[in-house]
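**Q** After the structure tokens below, expect a handful of questions from me.
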Amino acid sequence: MFENNAICKLLNIKYPIFQGGMAWIGTAELASAVSNAGGLGIIGAGNMPADLLRKEIQKCKGWTDKPFGVNVMLLSPFVKDVMQVVLDEKVPVVTTGAGNPGEYVPDLKAIGSKVIPVVASVALAKRLVRCGADAVIAEGTESGGHIGEITTMALVPQVVDAVDVPVIGAGGIADSRGMAAAFALGAQAIQMGSRFVMSEECIAHPNYKEYVLKAKDRSTVVTGRTLGHPARVLQNQLTRKFLKMEAEGAAPEELEKLGVGSLHKATHEGDVHNGSVMIGEISGMLNDIKPVKTIIEDIVNGLPDVIKGIESKCQ
Ligand code: TUI
């Protein structure tokens, strides 16, 4: 399976499955587990200072001899130093999020890294392919955390039609059906974040995972639209306060103050009431915590039956 898959060939991986590079919880533990299981594990740099990221990369190199990636969050105050660490450490795959990484592409390509930006629009996908991106991740608004406006269903085929590099579909995918659907839309691979939050290897606080287990289809809300960086999170005391303040026209500085440190509060302190529990719309379907290897193998092994089911509906 996947011998001729463009992404597997480009990155030298067994399965065309990326782990979304999530801030605070996309650590070396999770990334190395995903890479060891045949997918592409990705360390989420988030707002991490550069020296901490270097340690995380070195840990990951110690735990896997397979390709892995780093996701650079372009809104980070440390983005320049983070990029330098990624260059120094010759990270095999660099994904980016929450912005336009165009200025960094030439240096990353020069050291042989594969550059795969997350895009939320056709325009940015085209621009970055012109800059030399090796592939793009088309991420729909179903995702958790920082999001764009367009759904995966609408975004993926439009990006596929617009660029001549492989496209990875992301947003709302957590099982074999989602993978088959992304492939039907023209994607060559998938990226999943939420499904991997609910793995044994993910270091998210047990309260975080418990809160996701309780989530239903309509449990997420989007905060921060008035700030220009919308984020999908599970509804809680913090989001009720935040959304009320946004509706009342609160000043950006006041809202930013409420948000600072809130992700860490949820992921590490386990405060799911006053912290940001970032997760995608698929969370209602995440009803178990499994080892990374089982997550990946269940999805891959389930694909043939999903494809047969599609064929039978067409007869
Ligand atoms: O980056 C993500 N998801 C994230 S990042 C994050 S941590 C964070 N911390 C503080 C503030 C905001 C976030 C939590 N979740 N996903 C990738 C992604 N990128 N989704 C959407 C985009 C995106 C949106 C607009 C990429 C580019 C873009 O346009 C930029 C431009 O200049 O056109």
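Terminal number for the sequence shown in the working numbering: 372, no gaps in between. Glycine is no exception: its CB is placed at the ideal position from the N, C-alpha and C atoms.
1. Does the region 115-134 come close enough to the region 96-107 that 3 or more CB-CB pairs lie under 8 Å?
2. Express the C-alpha separation of T198 and I204 in angstroms, rounding to a whole number.
3. Find the nearest neighbour of K271 within the set N157, G341 and K347, judged by alpha-carbon distance.
4. Considering K116, what are the terminal residues of the alpha helix (DSSP H) in which it resides?
5. Roughly how many angstroms lie between the CA atoms of C259 and V151, to the nearest whole one?
6. By a C-beta neighbour count over all protein chains shown, 10 Å radius and 16 as the cutoff for buried, is R187 buried or exposed?
7. Taking only runs of the alpha helix (DSSP H) that begin and end inside the region 107-186, which ones reach a length of at least 4 residues, in chain order?
8. Once you ignore the five residues that flank L68 on each side, which residues in its own chain have a CB closer than 8 Å to its CB?
9. Provide the residue span of the alpha helix (DSSP H) that contains R275, from first to last.
10. Buried or exposed for H262, going by 16 or more other Cβ atoms inside 10 Å?
11. Looking at ligand 1, does it come within less than 7 Å of I207, judged from the CB to the closest heavy atom?
12. Using beta carbons (cut-off 8 Å, strictly below), is G318 in contact with chain D?
13. Straight-line CA distance for C371 to A237?
14. For A192, is the beta carbon positioned less than 7 Å from some heavy atom of ligand 3?
15. Check whether the Cβ atoms of E303 and L295 lie closer than 8 Å to each other.
16. Going by DSSP, what residue range makes up the alpha helix (DSSP H) through R297?
17. From which residue to which residue does the alpha helix (DSSP H) around V334 run?
18. Do A90 and V357 have their CB atoms nearer than 8 Å?
19. Is any non-hydrogen atom of ligand 1 found closer than 7 Å to the C-beta of A244, if you look at the structure I gave you?
20. Is the region 307-325 close to the region 217-233, with three or more CB pairs under 8 Å?
21. When you compare only the Cα positions, how much space is there between L315 and F135?
22. Mapping the DSSP letters down to three states, classify I247 as helix, strand or coil.
23. Using 7 Å as the cut-off, classify the Cβ of V290 as near or not near the heavy atoms of ligand 1, replying yes or no.
24. I'd like to confirm something about M130: is its beta-carbon nearer than 7 Å to some heavy atom of ligand 1, or not?
25. Of all the options L165, G156 and D232, which has the alpha carbon lying nearest to the alpha carbon of V142?
26. According to DSSP, simplified to helix, strand and coil, what is S200?
27. Between which two residues does the beta strand (DSSP E) containing R234 stretch?
28. Given a threshold of 16 other Cβ atoms within 10 Å of its Cβ, counted over all protein chains shown, does G189 qualify as buried or as exposed?
29. Under the three-state reduction of DSSP, which class applies to T280: helix, strand or coil?
30. If you drop the 5 nearest sequence neighbours on each side, which residues of the same chain put their C-beta closer than 6 Å to that of I339?
31. Run the CB neighbour count on A167, radius 10 Å, all protein chains shown included, and call it buried at 16 or more, exposed below.
32. Would you mind working out which of I346, Y161 and I225 sits nearest V175, comparing C-alpha positions?
33. For V279, which of I346, S333, D108 and K183 has the nearest alpha-carbon?
34. Can you give me the start and stop residues for the beta strand (DSSP E) that I74 sits inside?
**A** Here's the rundown:
1. yes
2. 5 Å
3. G341
4. A107 to W120
5. 20 Å
6. exposed
7. 107-120, 136-145 and 162-167
8. L97, P124, P149, V150 and K171
9. R275 -> no alpha helix (DSSP H), and no H or E assigned at all.
10. buried
11. no
12. No chain D appears in this structure, which consists of one protein chain only.
13. 15 Å
14. With respect to small molecules bound, the structure shown includes ligand 1 and not ligand 3.
15. no
16. Q294 to A304
17. From DSSP, V334 is part of no alpha helix (DSSP H); its letter is neither H nor E.
18. no
19. no
20. no
21. 21 Å
22. strand
23. no
24. yes
25. L165
26. coil
27. Taken as a continuous stretch (DSSP letters only), R234 belongs to no beta strand (DSSP E), being part of the alpha helix (DSSP H) at S233 to A241.
28. exposed
29. strand
30. G229, A231 and S251
31. exposed
32. I225
33. S333
34. I74 to Q76
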